[in-house]
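Since the structure comes first, as structure tokens, the remarks are kept for the end.
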Amino acid sequence: MPTEPNARPSGADAARSERFEAQVVPYLDAAYNLAFWLAHNPADAQDVVQEAMLRALRYFDSFHGGDVRVWLLAIVRNTFYTLRGRGLPDALHEELDDDIHPLVDDAPSPEAVTLLAVDVGALQAALERLPAPLREILVLRELEECSYKEIAGITGQKIGTVMSRLARARERLRNELTCRPKEVRRHDVR
Amino acid sequence: MMCDDAGLLMHAYLDDELDAAGSAAMARHLDACAACKARYETYAIMQKALSEPTLYRRAPDALRARWSTPAPAVAARPHAARRRSPWVFAAAAGFAAAMLLSTPAWLHWLPARGVGDAVVAQAISSHVRSLQGEHLMDVVSTDQHTVKPWFEGKLDFSPRVKDLAAEGFPLVGGRLDALEGHSVAALVYKRRLHVINLFQWPAEGTASAQAIAQEHGYTVIRWTGDGMRYVAISDVNEGDLKQFVLAFQNEANPAMTR
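Respectively, the protein sequence lines represent chains A and B. Residue numbering for the first sequence follows the UniProt record's numbering, beginning at 1 and increasing consecutively. Residue numbering for the second sequence follows the UniProt record's numbering, beginning at 1 and increasing consecutively.
Right, here's the structure in full:
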């Protein structure tokens, strides 16, 4: 009795891609969400994720345990900044953070935030206006619900840096939401 | 604590990343300082608003298709074989195709493993199905005293229903489901945006230790206690799900705390 006429290209490769599909592909949504918020548009986000997944597949053998999601999101982030043709944003944006960001905030009325925060459109626009390092940390924390430790793993920062940057990001987002009258949309299109 | 310190630490407090001493100090400061309290509340509102599901972008189907083995590809294979093969092969290929087509998709994930893993696979299937369309809940309520009576007469046992909102796992509802040919109660809890399904049904035997399995990004924790079998499943991380199980066991029976 002849065995399978066209045997699958089985062996190590098939087992590997099966493992990849079982362990990494479930985090495709997380990868895309981060890529979308970094890249600002669906087409670029797809490119970033596609490239990141190829890299992940290539490096998969060197991944030994740990958190797959953290590992994949770090690859997505690196891929994004590489495709953008610039290095990681840390050095670039430090001064920008500190400049724009007043340490003491004269608190705008919380009601304004309440009103704006329920308006998802305004929230989305405000989030898009943030500089990439502040946006990415908010996306990782609030949308991906990563812990500080996971964020530190993804962005290669210390936990203290994660905490202070998150504080800045929130303060900046709040200012975007409250200090900017809705009619003024100068910076909406970046 | 000074307001300057509070400005930074209130974020860690909001994110539940402070240790017990830090949290207590922060809580005291917020009680004492109206300005910081107002800022904190603003951030809490913003955090809640950011958990709005429409802000989360899911991968488009085209992208997902590129990275998943589609079921039709399996079916297509035997056709190619049929063209090239004599009839004997074709019959064999047809049989193989029938086997492949009649096998539930999850069997490919879990080739030939123990009985326990079948439960895991079924739990994943049920969990995934529960998230499709409107299948998640038969009874929608955050009140355990509404959810529990709803099961009456629908099951031959009375499920344990606990409100774990204080631990960060609000109860959102329940439904009937089936696992291993039993009718089971499925309780639906949330961890922020994530859904946790907790299945339970009567079982003989004594309390057994937890078994934790990870498949396809889902974590499944099974245990037996008080004459019931429990299976908890979610896409939250393993630590969170363990915390959920612990919270549920604590409530159900303090003696079972591990």
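Using N, Cα and C, we set each Cβ at its ideal position, and we do this for glycine too.
Segment limits, beta strand (DSSP E) that includes residue i
i        : result
B/His194 : His194 to Pro202
B/Val220 : Tyr218 to Gly225
With 16 other Cβ atoms within 10 Å as the buried cut-off, status of residue i
i        : result
B/Leu131 : exposed
B/Gln249 : buried
B/Cys3   : exposed
B/Lys148 : buried
B/Glu152 : exposed
A/Gly65  : exposed
A/Arg19  : exposed
B/Tyr13  : buried
A/Thr178 : buried
Residues that residue i contacts on chain A, provided the C-beta gap is smaller than 8 Å
i        : result
B/Lys141 : In the sequence as displayed, the identity of residue 141 of chain B is Ser instead of Lys. Per Cβ cutoff of 8 Å: no residues; B/Ser141 is ~24 Å from chain A at best.
B/His11  : Met163, Leu166, Ala167 and Arg170
B/Gly7   : Ala167
B/Leu67  : It is worth fixing the name first, because residue 67 of chain B is Trp in this sequence and not Leu. What B/Trp67 touches in chain A: Glu21, Val25, Leu28 and Met53.
B/Glu52  : Val120 and Leu123
Beta-bridge partners of residue i, as assigned by DSSP
i        : result
B/Asp177 : B/Val184
B/Ser234 : B/Ile196 and B/Thr219
B/Tyr189 : B/Leu171 and B/Ile196
B/Ile212 : B/Ile221
B/Met228 : B/Pro202 and B/Gly225
B/Glu152 : B/Leu155
A/Leu54  : DSSP output for A/Leu54 lists no bridge partner at all.
Residue range of the unbroken alpha helix (DSSP H) whose run includes residue i
i                      : result
A/Glu145               : It is not in any alpha helix (DSSP H) - A/Glu145 carries neither H nor E in the DSSP assignment.
A/Leu127               : Val120 to Arg129
A/Ala132               : Ala132 to Leu138
A/Asn78                : Val68 to Leu83
B/Ser141               : Element bounds for B/Ser141: n/a, residue is neither H nor E.
A/Arg141               : Run containing A/Arg141: none; DSSP gives neither H nor E here.
B/Gln132               : From DSSP, B/Gln132 is part of no alpha helix (DSSP H); its letter is neither H nor E.
A/Ser17                : Ala12 to Gln23
B/Lys162               : First-last for B/Lys162: undefined, no H or E at that position.
B/Asp4                 : Cys3 to Leu14
residue 259 of chain B : Shown here, chain B extends from 1 to 258; a query on residue 259 of chain B therefore has no answer.
B/Arg64                : Asp61 to Trp67
B/Cys51                : Looking at the sequence shown, residue 51 of chain B is not Cys but Ser. Here B/Ser51 belongs to no alpha helix (DSSP H), and DSSP marks it neither H nor E.
A/Arg170               : Ile159 to Thr178
A/Pro33                : Note that residue 33 of chain A is Asn in the sequence shown here, rather than Pro. Counting along the chain, the alpha helix (DSSP H) containing A/Asn33 begins and ends at Leu28 to Ala39.
Neighbouring residues, chain A, relative to residue i (Cβ below 9 Å)
i        : result
B/Ala21  : Under the 9 Å cutoff, chain A gives no residues; its nearest Cβ is about 16 Å from B/Ala21.
B/Asp15  : Arg141, Ser147, Tyr148, Met163 and Leu166
B/His216 : Glu21, Ala22, Gln23, Val25 and Pro26
Within chain B, partners of residue i - CB distance below 9 Å
i        : result
A/Gln157 : The premise fails here: A/Gln157 is roughly 14 Å from chain B at the closest Cβ pair, so nothing lies under 9 Å.
A/Asp44  : The contacting residues do not exist; A/Asp44 stays about 12 Å from chain B at best.
Cβ pair residue i, residue j closer than 8 Å
i        : j        : result
B/Val172 : B/Val184 : no
B/Asp240 : B/Arg191 : yes
A/Phe80  : A/Ala39  : yes
B/His194 : A/Leu166 : no
B/Thr206 : B/Ile212 : no
B/Glu180 : B/Gln122 : yes
A/Arg55  : A/Thr155 : no
A/Gln46  : B/Leu63  : yes
A/Leu34  : A/Glu144 : yes
B/Asn197 : B/Ser125 : no
A/Arg172 : A/Leu127 : no
A/Phe36  : B/Arg57  : yes
Interface residues of chain B facing residue i [CB-CB closer than 7 Å]
i        : result
A/Asp13  : Under the 7 Å cutoff, chain B gives no residues; its nearest Cβ is about 13 Å from A/Asp13.
A/Glu136 : What A/Glu136 touches in chain B: nothing, since even the nearest Cβ is about 14 Å away.
A/Leu173 : Met46
Chain-ordered chain B contacts of residue i [CB-CB under 8 Å]
i       : result
A/Val49 : Ala59 and Leu63
A/Tyr32 : Arg57, Arg58, Ala59, Pro60 and Leu63
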